[in-house]
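2 protein chains.
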Amino acid sequence: MNEDENVVDPSHPRYQSLMIRKKIADAGAKGMLADSAMIAHGRGEAFDYLLGEQTIQSAQDATREVAARLVRARKPILSLNGNAIALAGAEFLTVASQLNCPIEINIFYRTPERMGALLGNLKMLNTKLGLDVEILGGVPDARIPGLEGPRGACQSNGIFEADTILVPLEDGDRCEALTAMGKEVLVIDLNPLSRSSRKGTVTVVDEVTRVASNLIQMIPQKPSVTEWNNDQALLAALNHISSTITNKFQ
Amino acid sequence: MNEDENVVDPSHPRYQSLMIRKKIADAGAKGMLADSAMIAHGRGEAFDYLLGEQTIQSAQDATREVAARLVRARKPILSLNGNAIALAGAEFLTVASQLNCPIEINIFYRTPERMGALLGNLKMLNTKLGLDVEILGGVPDARIPGLEGPRGACQSNGIFEADTILVPLEDGDRCEALTAMGKEVLVIDLNPLSRSSRKGTVTVVDEVTRVASNLIQMIPQKPSVTEWNNDQALLAALNHISSTITNKFQ
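Read top to bottom, the protein sequences are chains A and B.
Sequential numbering of the first sequence, starting at 1, is according to this note's numbering.
Sequential numbering of the second sequence, starting at 1001, is according to this note's numbering.
Spelled out as structure tokens, the structure:
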């Protein structure tokens, strides 16, 4: 990325989106991401654009439900991939600290270099924020049943034993496999049609940095768990996208 | 990109999309693309997903109109950026050869290295295909009025003097500036709401490799120019996306 690309003009109508994009580009330059992470981010940008780059009401409700279920959990965990760490690593450390739970780094294209860069980044942020969150994922010793190869690797004292798991930007296969283990799977995904969105127990259709900030506000309120109709929440997001499409074309 | 990422399973339901993505990743590794190119590709993927990864009827009609206007033009040109070259460089060389017109490389984030990689790639393909298409863009000597910095650079015997210009995946500002020069601007863009899509004379809402292949079929048929209602074509694409959203959520 050359300098030209790094300049973001605060008067640009999509300034927030461009600043978020810059975080991904910077993390890529630090070796924290697979190339496909950039493409995945672009897909997310398109859906956020269709949502109007805002937290819609159904996403606000879903975030509250996620906060409630994380607070209620016996053994919650945050499963973070490269993009989630690049975009909201500090915020998720704060969430983990509020819940007194660990974070497990769980990346789709696992290489020792990328794992090392992500572990190093979270540990640096942990120190910087004066937190003491346990960071797992470096020494996987268990497997998620039904997933082949390194994608199924996890830690027994982390994802494997957790009863409730927050998965921002998760791959569809892994989301299904975690659900099949009987866990409560709390998804953050901008595409309301993705398999992760459809398979999650609760799905927040919203941009991950906005969700992480909202969770930080909501968790201390200890909201109550409700009977959650996830399909209804996804339909609300789809309806919002449909109306955005119509409204933008004026 | 590690090996794991490069394996594409032909039985995958989104095999074509993954193969297209691989072209972008490979071109990135060759230094042909800015980092933001990956993100832009991801945005396109999301819209193609919403179109059903197919050429819809209104896009087929728009492609025929583009072919007609390129054939009619006194001085047509294809303006290609990094993603267009990475995805369909060979196909666009064939189109330029059919029209007996030049290609001008015109990239948003211009560096000598990236320009060199793109020029080298097109020249290699020119030779490989046994074609003799003139490739411009290496020595800009004119400016597109209203654009600052390297983004406005072009060649006087190329984009500057052309009456009809094909711009796949073009930036909104540049599309507007070209239209303001009085040119016929033929856009290929997967987002029917983008400024490029809205400002183009004719907009094809379709994936660039599919459009390039369709143009190769249509240009020899020398179709006739019609009175083109671009808003109507964009609305058809938006309606298709809306119905895809509803149908996918069954």
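Just so it is clear, CB atoms sit at the ideal spot from N, CA and C, and this is done for glycine as well.
| Item | Value |
| --- | --- |
| From the DSSP output, in three-state form, read off CYS101(A) for me. | coil |
| So is ASP35(A) in contact with chain B if we call contact Cβ pairs under 8 Å? | yes |
| Output the distance between the C-alpha atoms of GLY1152(B) and ILE105(A), rounded to the nearest integer angstrom. | 44 Å |
| Is the CB of MET1032(B) under 8 Å away from at least one CB in chain A? | no |
| Look at LEU234(A) and PRO168(A) and say whether their C-beta atoms are less than 8 Å apart. | no |
| Determine the closest residue to TRP228(A) out of ARG74(A), VAL66(A), GLU134(A) and HIS240(A), with distance taken between C-alpha atoms. | VAL66(A) |
| Take THR203(A) and list the residues in its own chain whose beta-carbon comes closer than 7 Å to its own, dropping the five residues that flank it on each side. | ALA62, VAL187, ASP189, SER197, ASN230, ALA233 and LEU234 |
| Once the 5 residues before and after ILE1245(B) are set aside, which same chain residues still bring their CB inside 7 Å of it? | LEU1050 |
| With three or more beta-carbon pairs closer than 8 Å as the criterion, would you say the region 1078 to 1093 of chain B touches the region 1155 to 1166 of chain B? | yes |
| If I follow the unbroken beta strand (DSSP E) through GLU170(A), where does it start and stop? | That residue, GLU170(A), is in no beta strand (DSSP E); it is neither H nor E in DSSP. |
| Below 8 Å, can you find three or more Cβ-Cβ pairs linking the region 124 to 133 of chain A to the region 35 to 52 of chain A? | no |
| On a Cα-Cα basis, can you pick out the residue from GLN57(A), ALA34(A), PRO145(A) and ASP26(A) that is closest to LEU238(A)? | GLN57(A) |
| In this structure, how does DSSP classify ALA1315(B) when only helix, strand and coil are distinguished? | This structure leaves residue 1315(B) out entirely; chain B is present only between 1001 and 1250. |
| Would you list, in sequence order, the uninterrupted alpha helix (DSSP H) runs of no fewer than 4 residues that lie entirely inside the region 149 to 198 of chain A? | 172 to 180 |
| On a CA-only basis, which of GLU170(A), ARG195(A), ASP171(A) and GLU161(A) is nearest MET181(A)? Give me that one, please. | GLU161(A) |
| Using a 10 Å radius around the Cβ and a threshold of 16 neighbouring Cβ atoms, would you call PRO155(A) buried or exposed? | Reading off the sequence, residue 155(A) comes out as Gln, not Pro. Label assigned to GLN155(A): buried. |
| Let me see if you follow: with CB-CB separation under 8 Å, is LYS23(A) close to chain B or not? | no |
| Just the chain A side, please: which residues come within less than 8 Å of ILE1241(B) by C-beta, in chain order? | ILE245 |
| Helix, strand or coil: how does DSSP classify ARG1110(B) here? | coil |
| Between the region 188 to 211 of chain A and chain B, which residues of the former have a C-beta closer than 8 Å to a C-beta of the latter? | ASN191, PRO192 and LEU193 |
| Taking the straight line between their C-alpha atoms, what separation do you get for ALA1068(B) and MET1218(B)? | 8 Å |
| Does the beta carbon of LEU1087(B) come closer than 8 Å to any beta carbon on chain A? | no |
| For ALA29(A), count neighbouring C-beta atoms within 10 Å of its own C-beta (all shown protein chains included) and say buried if the count is 16 or more, exposed if not. | exposed |
| What is the C-beta distance between ALA1046(B) and ALA46(A), in whole angstroms, given that I count them as a contact (C-beta under 8 Å)? | 3 Å |
| Just checking: is the beta-carbon of GLN232(A) within a distance shorter than 8 Å of some beta-carbon in chain B? | no |
| Taking its Cβ as the centre, do 16 or more other Cβ atoms sit within 10 Å of SER1194(B), making it buried, or is it exposed? | buried |
| Under the assumption that GLU113(A) contacts GLY31(A) (Cβ atoms under 8 Å), give the Cβ distance between them as a whole number of angstroms. | 6 Å |
| Sorted by chain position, which residues of the same chain lie with C-beta nearer than 7 Å to ARG1074(B)'s C-beta, five sequence neighbours on each side aside? | ASP1163 |
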